[in-house]
Amino acid sequence: MQMPKTDESVIARREELAAGLREIVPGEGVIDGEEELRAFDCDGLMAYKQLPLIVVLPETTMQVSDILKYCHANNVKIVPRGAGTGLSGGALPLADAITLGLGKFKKILDIDFENRCVVTQPGVTNLGITTAVEHAGFYYAPDPSSQIACSIGGNVAENSGGVHCLKYGLTTNNVLGVEMVMMNGEIIRLGGKHLDSGGLDLLGVITGSEGLLGVITEVTVRILKKPETARALLIGFPTMIDAGNCVADVIAAGIIPGGMELMDKQIIHAAEDFVHAGYPLDVEGLMVVELDGPDAEVNYLVERVEEIANTANASYIRISENEDERARFWSGRKNAFPAVGRISPDYICVDGTIPRKKLAEVLRRMEGISEKHDLRVANVFHAGDGNLHPLILFDANIEGELERAELVCADILTLCVEVGGVLSGEHGIGVEKRDLMGTMFTEDDLKQQQRLKCAFDPGHLLNPGKVYPELHRCAELGKMHVHHGKLPFPDIPRL
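One gets the numbering used here by counting positions in the sequence shown from 1 and adding 202 to each.
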């Protein structure tokens with residue numbers, strides 16, 4: 203297939219920027235060949251692709267600082283990128299922007315068991331943190347399904363979740379501090395090894411900011427002691443409605459499992475074919491419920507959940523008898539997304555969150571949305587905290603199916619907001635949900651959010667085109683903006 207020719211002005215601009223960036227990052231840290239750039243043309247939302255103008259791969263915080271200073275001085279846009287596993291297009295390149303990849307920041311800098319925290323560079327994988335501390339009986343709680351590949355810096359940018367976030371919280375509940383480079387090249391530190399900081403909650407602002415406010419170059423996370431006991435239940439139901447009702451019943455009983463996941467029949471069969479987890483194939487809905495803590499407490503809660511499930515019309519219950527069996531129960535859920543490749547050539551993973559009591563209603567209405575657009579929807583989600591992950595199955599080679607899939611996504615996310623939920627639980631807004639922000643926020647809400655962005659990035663050079671459906675220049679938004687290149691927050695430690 204012949205590649206389209208690149209405009210001469212783009213080539214000239216690329217050559218100019220490459221020369222400037224190679225003064226900062228020598229060797230192979232600057233990528234400007236079109237074939238090589240294609241490796242960065244999308245993130246995990248592969249329905250949308252765009253060749254970046256150039257890619258730069260720094261290795262030190264000072265290099266990141268110098269890159270941003272250079273871009274700030276030359277009015278060049280920046281798209282920060284971690285491992286590229288994000289599912290909302292947050293790291294989608296721009297044709298006139300530099301993609302700044304942090305994949306070389308892959309060292310754990312400090313393991314502090316006394317203070318129960320780890321200081322790490324942002325390119326370390328989520329699972330890599332647990333691997334580094336598990337010999338001492340510790341682990342890092344947030345565990346996205348992509349934890350083997352996704353980076354901790356990207357987790358902070360998107361406020362990632364995971365199957366165990368019901369009990370132990372999202373990324374924002376487990377991050378203690380960050381080092382971040384501002385768009386003007388200034389290096390700041392927020393938080394640290396302590397549990398809480400005084401003053402403005404700037405760490406809370408940065409977590410989940412999707413690369414719009416700065417580039418994270420170091421992260422301090424808390425680690426937890428592994429629980430004494432953990433047991434999992436597989437619970438099958440004749441309908442997804444029964445399964446949804448059981449989720450609500452467990453939470454209403456005051457039980458907070460370590461994790462509680464739900465899969466429909468399509469996912470059950472795909473996952474079982476893929477990893478052979480021992481799932482029942484004659485049920486319409488399958489829950490994985492994990493209970494952890496002291497042995498006596500876990501045994502009691504297992505009995506309580508079993509009673510609740512039987513009352514909720516469960517047709518299958520199996521309780522793990524050892525650690526290998528517990529891990530096997532989870533293996534199917536953890537591999538659900540890649541397993542879907544067995545039943546569909548393409549899919550879009552939706553990420554919306556609803557009140558748990560609305561779960562049965564939303565599942566019913568999603569069936570209608572699927573029928574309306576004549577596309578299958580496979581369901582797998584963090585049922586305990588209402589974070590849905592419907593997978594819209596389609597074939598991009600069939601004309602019009604991608605567009606129909608996008609309509610299904612929009613209808614499901616609009617439904618989530620309608621029943622009292624939100625557009626995203628952990629994947630972020632990016633470009634996928636950008637044009638739906640008006641379903642959840644008023645124009646005044648969106649302007650106020652952009653005022654905050656202006657305080658950090660008055661030139662709108664960091665990840666522009668993401669999150670907000672309409673861009674307002676700082677001058678249009680009022681007086682909350684940067685003066686003389688400095689943040690209006692005097693208590694931020696600077697390096």
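Don't be surprised by glycine CBs; every beta carbon is placed ideally from N, CA and C. Since the structure is predicted, the reported quantities are computational estimates derived from the model, not experimental observations.
Which residue comes first and which comes last in the beta strand (DSSP E) that contains residue 312? 310-314
Residue 575: which of 670, 241, 464, 607 sits nearest, CA to CA? 607
If you reduce the DSSP assignment to three classes, tell me which class residue 685 lands in. Any answer about residue 685 is weak, because its pLDDT of 40 lies below 50 and its placement is not dependable; what the coordinates show is given next. Here residue 685 sits in strand by DSSP.
Using only alpha-carbon positions, find the residue among 504, 444, 524 that is nearest to residue 485. 444
Taking the CB atoms as reference points, tell me whether residue 321 and residue 418 lie closer together than 8 angstroms. no
With C-beta atoms as the reference, is residue 266 less than 8 angstroms away from residue 232? no
Once the 5 residues before and after residue 191 are set aside, which same chain residues still bring their CB inside 6 angstroms of it? No answer is possible for residue 191: the residues shown for the chain start at 203 and end at 697.
Report the three-state DSSP secondary structure of residue 584 (helix, strand or coil). strand
Which term fits residue 539, buried or exposed, when burial requires 16 or more other beta carbons within 10 angstroms of its beta carbon? buried
Close Cβ partners of residue 407 (< 8 angstroms) along its chain, the five nearest in sequence each way excluded: 415, 654
Between the stretch 609-628 and the stretch 646-664, do three or more beta carbon pairs fall short of 8 angstroms? no
Along the alpha helix (DSSP H) that carries residue 263, what are the first and last residues, could you check? 263-276
By DSSP's criteria, residue 150 is part of a beta bridge. Which residues make up the other side? The structure shown does not extend to residue 150, since the chain is modelled only from 203 to 697, so the question has no answer here.
Go through its chain and collect everything with a Cβ distance to residue 421's Cβ below 7 angstroms, but skip five positions before and after it. 322, 324, 354, 355, 358, 377, 380
Use the C-beta contact count for residue 637: other C-beta atoms within 10 angstroms, 16 or more gives buried, fewer gives exposed. exposed
Straight-line gap, residue 319 to residue 254 (C-alpha atoms, nearest Å): 36 angstroms
Identity of the residue in 632, 658, 675 nearest residue 286 by Cα: 632
Starting from the C-beta of residue 217, find all residues in its chain whose C-beta is less than 8 angstroms away, skip the five residues before and the five after it, and write them out in chain order. 234
How would you call residue 360, buried or exposed, if buried means at least 16 neighbouring beta carbons within 10 angstroms? buried
Write down the C-beta distance between residue 426 and residue 370 rounded to the nearest angstrom, noting that I regard them as a contact closer than 8 angstroms. 7 angstroms
Do you know whose CA, among 261, 299, 296, 570, lies nearest residue 305's CA? 261
Nearest neighbour of residue 665, chosen from 264, 563, 298, 272 [CA to CA]: 298
Whole beta strand (DSSP E) runs in the stretch 480-537 with 3 or more residues, listed along the chain? 487-495, 518-521
Backbone secondary structure at residue 247 - three-state DSSP: coil
Jot down the residue ranges of each uninterrupted beta strand (DSSP E) in the stretch 559-641, minimum 3 residues, whole runs only, in chain order. 579-583, 592-596
Compare the C-alpha of residue 219 against each of 263, 250, 277, 245 and name the closest. 277
Under 8 angstroms, with one C-beta from each stretch per pair, do the stretch 443-460 and the stretch 530-544 reach the 3-pair mark? no
At which residues does the beta strand (DSSP E) containing residue 392 begin and terminate? 389-393
Got a sec? Which residues, its chain only, sit under 7 angstroms from residue 709 by beta carbon, not counting five neighbours each side? Missing from the structure shown is residue 709; the chain here goes from 203 to 697 and no further.
Hey, is the stretch 322-341 in contact with the stretch 387-397, meaning 3+ C-beta pairs nearer than 8 angstroms? no
Spatial neighbours of residue 541 within its chain, please: C-beta separation below 6 angstroms, excluding the five flanking residues on both sides. 472, 473, 476
Go ahead and label residue 560 buried or exposed: buried means 16 or more other beta carbons lie within 10 angstroms of its beta carbon, across all protein chains shown. buried
Shortest alpha-carbon distance to residue 583 belongs to which of 599, 564, 548? 564
Using beta-carbon positions only, say whether residue 512 and residue 440 come within less than 8 angstroms of one another. no
Considering only C-alpha positions, which residue in the set 591, 517, 431 is nearest to residue 525? 431
How about residue 464 and residue 585: do their beta carbons lie closer than 8 angstroms? yes
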